[in-house]
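Have a look at the structure below, then the notes.
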Amino acid sequence: MTDPVQPADRTPAAAVPGAGGPSGIDPRGPRVVAGLTAVVLAVALLTGNVWVLAGQAVCFALGSLLGIQRSPYGVLFRRLIRPRLTPPSEFEDPAPPRFAQTVGLIVTGAGLIFAAAGVGPAVEVAAGLALIAAFLNAVFGLCLGCELYLLLARLRSPRAALG
Amino acid sequence: MLRLDVDDFVLRTVVLFAVLLFATAIGLLLRRQAGRAREVTSGDLLEADDLAAPLGERATFVQFSSPTCSPCRSVRQVLSAVVAADPGLGHVEIDATERLDLARRLSILRTPTVLLLDSRGLVIRRISGPITAEQARAAVPEALRSRS
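Chains as they are written, first to last, in this note's numbering: chain A, 15 to 177; chain B, 473 to 620.
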């Protein structure tokens, strides 16, 4: 696999040419990525095909490792869609959508593991859960995965922080 | 698993629509709630010591944020602007994941959550989700606004 990232894109600040304002990514990017993700997950749910879910899990893994703007759908957005849009009026921190990609990877990855273990509708359950999150992100701009962060932090440190 | 008969496909289509309907319901519910100030009468008190920052003269917006929260940035900008226009108001932003003690004490489950304190630090309003400048101004009770 060749690296699709241009040297100029390596730092977040350079990913926003001529922005002048705070660095970040075009907030419409994650919405488009979520929309494409929702379509793929809907297909996984309709067909129960484990390979469709596996493909989406790979996309989540790349988004989690490289950042959402360098995930396959993110590259698609930057190359094909963004050049046709007006420049964004504001920029967004890339960390939250990246964390959401990690949550997506955990959900779809768990689905694949359970499917491999022969657990009944593992593909459908994982695709359904991830689809809810992707749909909410695409249609309502609500990042369910990001909302989980605080809850996880609260669960991870039981009462230790009290004092 | 790849076998696809007609009944199976119909069932899967129904499940898909149920999932999308469910997600839409959640989305609409959260959108309706977003930015709405709810009155709080729990008697929770947040003082300058808790916040590690001074309170505003008449009222203070305490914003709970987290590192993975995308609307938090815009809420910060909105509240900064609202506070800049009314010198009696204060704005304190807290990373809820670093202040889990406060998050637990005040039952902060999601970010952004904004609490409005009166001059003594008593929590009087609670707002969660994205917020507009108009909603922020409207959340401040008449008596605590600047007279100008």
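Where is the CB? At the ideal position from N, CA and C, for every residue including glycine.
Proximal residues to residue i (C-beta, below 6 angstroms), its chain only, five neighbours per side dropped
i	result
residue 114 of chain A	157, 159 and 160
residue 136 of chain A	125, 128 and 129
residue 64 of chain A	129 and 137
residue 38 of chain A	105, 106 and 107
residue 618 of chain B	558 and 560
Distance CB(residue i)-CB(residue j) smaller than 9 angstroms
i	j	result
residue 680 of chain B	residue 150 of chain A	Residue 680 of chain B falls outside the range modelled here, since chain B spans only 473 to 620, and no answer is possible.
residue 537 of chain B	residue 567 of chain B	yes
residue 505 of chain B	residue 579 of chain B	no
residue 531 of chain B	residue 586 of chain B	no
residue 145 of chain A	residue 491 of chain B	yes
residue 560 of chain B	residue 518 of chain B	no
residue 484 of chain B	residue 143 of chain A	no
residue 527 of chain B	residue 593 of chain B	yes
Buried or exposed by the 16-neighbour rule on C-beta atoms within 10 Å, applied to residue i
i	result
residue 104 of chain A	exposed
residue 13 of chain A	The structure shown does not extend to residue 13 of chain A, since chain A is modelled only from 15 through 177, so no value can be given for it.
residue 35 of chain A	Interpretation of residue 35 of chain A is limited by its pLDDT of 39, a score under 50 that renders its predicted location unreliable; the figure taken from the coordinates is listed afterwards. Exposed is the call here.
residue 44 of chain A	buried
residue 514 of chain B	exposed
residue 533 of chain B	buried
residue 127 of chain A	exposed
residue 588 of chain B	buried
residue 133 of chain A	exposed
residue 542 of chain B	buried
residue 569 of chain B	buried
residue 170 of chain A	exposed
residue 540 of chain B	buried
residue 164 of chain A	buried
residue 500 of chain B	exposed
residue 523 of chain B	buried
residue 98 of chain A	exposed
7 angstroms CB neighbourhood of residue i in its chain, flanking five on each side removed
i	result
residue 550 of chain B	603, 604, 605 and 608
residue 86 of chain A	73 and 76
residue 58 of chain A	66, 67, 70, 137 and 141
residue 139 of chain A	125
residue 590 of chain B	531, 596 and 616
residue 512 of chain B	595, 596, 597 and 598
residue 565 of chain B	535, 537 and 548
Contacts around residue i, its chain only, beta-carbon distance under 8 angstroms, and the 5 residues preceding and following it disregarded
i	result
residue 96 of chain A	40, 42 and 43
Where residue i meets chain D, residues with beta-carbon distance less than 7 angstroms
i	result
residue 540 of chain B	The structure shown contains no chain D; the protein chains it does contain are A and B.
Q: Could you name the residues of the stretch 481-499 of chain B whose beta carbon sits closer than 8 angstroms to any beta carbon of chain A, in the order they occur along the chain?
A: 481, 484, 485, 487, 488, 491, 492, 494, 495, 496, 498 and 499
Q: Spell out a yes or no on whether the stretch 117-124 of chain A and the stretch 95-108 of chain A are touching, meaning 3 or more CB-CB pairs, one atom from each, closer than 8 angstroms.
A: no
Q | Within 7 angstroms of chain B by C-beta, residues of the stretch 149-171 of chain A in sequence order | A | 149, 150, 153, 154, 156, 157, 160, 161, 163, 164, 165, 167, 168 and 171
(Q) Counting only Cβ-Cβ distances shorter than 7 angstroms, please list the residues of the stretch 118-134 of chain A near chain B, keeping chain order. (A) none
Q) Got a sec: which bits of the stretch 577-589 of chain B sit with their beta carbon under 8 angstroms from any beta carbon on chain A, in order along the chain? A) Answer set for the stretch 577-589 of chain B: 580, 581, 582 and 583.
Q: Scan the stretch 501-512 of chain B for residues whose Cβ lies nearer than 8 angstroms to a Cβ of chain A and list them as they occur along the chain.
A: 502 and 503
(Q) Using a Cβ-Cβ cutoff of 8 angstroms, what residues of the stretch 48-76 of chain A are near chain B? List them in chain order. (A) The stretch 48-76 of chain A vs chain B, Cβ under 8 angstroms: 56, 59, 60, 61, 62, 63 and 64.
Q: Could you name the residues of the stretch 527-538 of chain B whose beta carbon sits closer than 9 angstroms to any beta carbon of chain A, in the order they occur along the chain?
A: Under the 9 angstroms Cβ criterion, the stretch 527-538 of chain B contributes 536 and 538.
Q. Going along the chain, which residues of the stretch 595-608 of chain B sit with their C-beta nearer than 7 angstroms to a C-beta in chain A?
A. none
Q. If you measure beta-carbon to beta-carbon, which residues of the stretch 541-554 of chain B are closer than 7 angstroms to chain A?
A. 541, 542 and 545
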